[in-house]
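In what follows, a single structure is set out as C-alpha cells and then discussed.
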Amino acid sequence: MSVEQRGTQASANAEQDATQASTDAEQDTTRASTNADARPDPLTRMRELQALTRQMAETLDFEAVFDRVSEAVRSRTPASAVSVFEVSGESADLLSSDLDEEGRGGQLAIPFWRVPLDASLAALLDRVRAEGTAWVDDTEATPELSGVAHPGMRSLLLAGHLPGGEADSPSPHLVVVAASDEPGAFASHHAEDVLELAHVTALALRNARLYEDARAAAERDALTGLRNRRVFWDALRTALEDATPERPVTLAAVDIDDYKAVNDRYGHAVGDLVLTHIADRLARSTRETDAVFRFGGDEFAILMPGASRAQAQTALRRCARAVERQRREDLPAVTLSAGMAVAPEDAAEAEGLFRAADHALYDAKAAGKSRLAPGPGQASCALHGPAS
1311 MSVEQRGTQA SANAEQDATQ ASTDAEQDTT RASTNADARP DPLTRMRELQ ALTRQMAETL
1371 DFEAVFDRVS EAVRSRTPAS AVSVFEVSGE SADLLSSDLD EEGRGGQLAI PFWRVPLDAS
1431 LAALLDRVRA EGTAWVDDTE ATPELSGVAH PGMRSLLLAG HLPGGEADSP SPHLVVVAAS
1491 DEPGAFASHH AEDVLELAHV TALALRNARL YEDARAAAER DALTGLRNRR VFWDALRTAL
1551 EDATPERPVT LAAVDIDDYK AVNDRYGHAV GDLVLTHIAD RLARSTRETD AVFRFGGDEF
1611 AILMPGASRA QAQTALRRCA RAVERQRRED LPAVTLSAGM AVAPEDAAEA EGLFRAADHA
1671 LYDAKAAGKS RLAPGPGQAS CALHGPAS
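Residues in the sequence shown are numbered consecutively from 1311, following the numbering used here.
Next comes the structure, spelled out in C-alpha cells:
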C-alpha cells in the first residue's frame, strides 16, 4: 500500500471513529434526557417514597416485601432484573431475585454472588460500604467481571443499607442490585433512587423478621423448640379434613415413664434436659410429613397424616429404639409409653380423636412401662417388641 493509500485509509478510519463517537454521544445524551424527563419532580418522588414506605412497613410477608421492592426499582430505573442480598463479612446470601437462569423471572442464586466473594466483587462491595452505591457500566468491558456476571446482564447498579450507618459494622447489611441488559443503563439519579429503596427495604425486612420471630415464639415450646399445644389443635383439625378410611390420620399420645421420679431424684434442671433430649429424639425419628408437639408436662403428641395403625406402631417403636439406643450418658435412662387413635375409625373430629389417644395412653401406662396401646380399648403390647 502506498503512502497516499495509507493516508487515505487512516483518514477514513478516523472519520468512521469520529462518526461512531458522535453517535454514541448522541445516544448517551438521548438516554440521559429521556431518563431525566421520565423522573418525577422532587416533591412527587418524596410523596411516592413516603407512600411506599408506609406500604412496606405494613407488609409482614417476606415475598410481598421483595415483590414491592422489585416493582419499585423497575418503575424508577431501566432495570430488567432486581435482586436483594444480605452481605456479612466475606459472604453474600441471596434473599430474592426476579430473574431465573434463563432470564425469565423467578428465583436465582446469581453465580457471582455465591460465597465466597472474590477480590473484585469484594472491592465492589467496599465501594457500596463506603459510598452507598456502586455501578458497572458494561460487564463485558470490565475484565474482573468477565465470566461471572449473569449472561445477558450488561450493566449493574448496587445500593446498600448499612446497619446504623456504619461501614465497618459487623452486622449484615442489605444490598439491592439492579441489572440491565443494556450497557450504561444507569445514571446517578438512579443510584439515589435505589439507595432510598434499599433503606426502605431494610426497614420492611426487619419488621417482617420481627413478626416472624414473634409468630414462631408463639407457636413453639420455649424449652424443647417443638410446636406447642395451641398449634397442635389447628394442625390436627386441618389434617382431619382429609382423613378417609383409605388415607387415615393417626394421632399418638406419648409420655415419659416415671418422669416425676426423675425430677424428684435429680432435680428439675436434669428433668428439663431429659425433656429436650426426648423431644429431639422424637423429632428426628419421625417422617417429614409427621409433626411432633409438646402437649404439656412430659406428654407429647405425634400427628401422622396418611399413616395406618400398623404403620404408626412401627413409627412409635422406631422412636422408642432411638431413645433407648441414643441415650445421653449424663442423663438418667428413661422409657416411653404411647397410646394411639386413628381417624376416622376411632373418631372423626379433633377432640374425640385426642380423647381416644389419651385414653389409649392411660391403658398402656396401667399395663406397665414401655407399653403401646394401638387404640382405645385395645390390649397393650411392649413398645420395644412385636405386637401381641
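The beta carbon of each residue, even a glycine, is placed where N, CA and C say it ideally should be. Please read these numbers as outputs of a predicted model, since none were measured by experiment.
Distance between residue j and residue i (C-alpha atoms, nearest Å)
i	j	result
Asp1436	Thr1369	30 Å
Phe1496	Asp1408	19 Å
Ala1342	Leu1434	Reliability of the predicted coordinates at Ala1342 is poor, the pLDDT of 43 falling under 50, and the value obtained from them is presented with this limitation in mind. Taking the straight line joining both Cα atoms gives about 24 Å.
Pro1686	Leu1671	8 Å
Arg1539	Gln1360	41 Å
Thr1560	Ala1526	25 Å
Asp1447	Pro1493	6 Å
Asp1491	Thr1443	19 Å
Tyr1576	Thr1554	45 Å
Val1510	Phe1376	11 Å
Ala1524	Gly1535	14 Å
Ala1549	Trp1445	51 Å
Ala1763	Ile1588	With the chain covering 1311 to 1698 only, the question about residue 1763 has no answer from this structure.
Gln1623	Arg1519	39 Å
Thr1599	Lys1675	27 Å
Ser1398	Glu1373	22 Å
Ala1571	Phe1395	52 Å
The beta strand (DSSP E) enclosing residue i, as first and last residue numbers
i	result
Arg1604	1601 to 1606
Glu1661	Segment 1660 to 1676 is the alpha helix (DSSP H) holding Glu1661; no beta strand (DSSP E) there.
Ser1647	1646 to 1653
Ser1465	1465 to 1471
Leu1682	1681 to 1683
Own chain residues within Cβ distance below 8 Å of residue i, not counting five before or after
i	result
Ser1680	Asp1567, Ala1630, Thr1645, Leu1646, Ser1647, Ala1692, Leu1693, His1694
Asp1582	Leu1533
Asp1668	Ala1563, Gly1649
Glu1529	Arg1537, Asn1538, Arg1540, Val1541
Gln1279	Past the edges of the chain, shown from 1311 to 1698, lies residue 1279, and the structure says nothing about it.
Ser1456	With a pLDDT of 49 at Ser1456, under the threshold of 50, the predicted position of this residue should be treated as unreliable, and no value is reported.
Tyr1521	Leu1370
Nonlocal neighbours in the same chain, by C-beta distance under 7 Å from residue i, ignoring five residues either side
i	result
Ile1420	Residue placement at Ile1420 is flagged as unreliable, the pLDDT there being 42, under the threshold of 50; the coordinate-derived value follows with that caveat. Excluding residues within five positions, the ones whose Cβ falls inside 7 Å are Ser1393, Leu1404, Ser1407, His1460.
Phe1542	Phe1603, Phe1605, Ala1611
Ala1601	Arg1537, Ala1545, Leu1613
Asn1517	Ala1367, Leu1370
Glu1506	Leu1359
Gly1678	none
Ala1514	Met1366, Ala1367, Thr1369, Val1375
6 Å Cβ shell around residue i - same chain, five flanking residues per side excluded
i	result
Ala1270	Here the chain has residues from 1311 to 1698 only, and residue 1270 is not among them.
Ala1488	Val1383, Thr1387, Ala1389, Val1392, Leu1467, Val1504
Tyr1569	Asp1608
Arg1637	Ala1643
Thr1701	Absent from the model: residue 1701. The displayed extent of the chain is 1311 to 1698, so no value can be given.
Identity of the residues DSSP links to residue i by a beta bridge
i	result
Asp1403	Glu1396
Thr1443	Ala1469
Leu1613	Leu1561, Ala1601
Ser1490	Ser1465
Leu1515	In DSSP, Leu1515 forms no bridge with anything.
Boundaries (first-last residue) of the alpha helix (DSSP H) holding residue i
i	result
Ala1593	1578 to 1595
Thr1548	1539 to 1550
Any non-hydrogen atom of the ligand NAP closer than 7 Å to residue i Cβ
i	result
Thr1596	Among the components modelled here there is no ligand, and therefore nothing to report on the ligand NAP.
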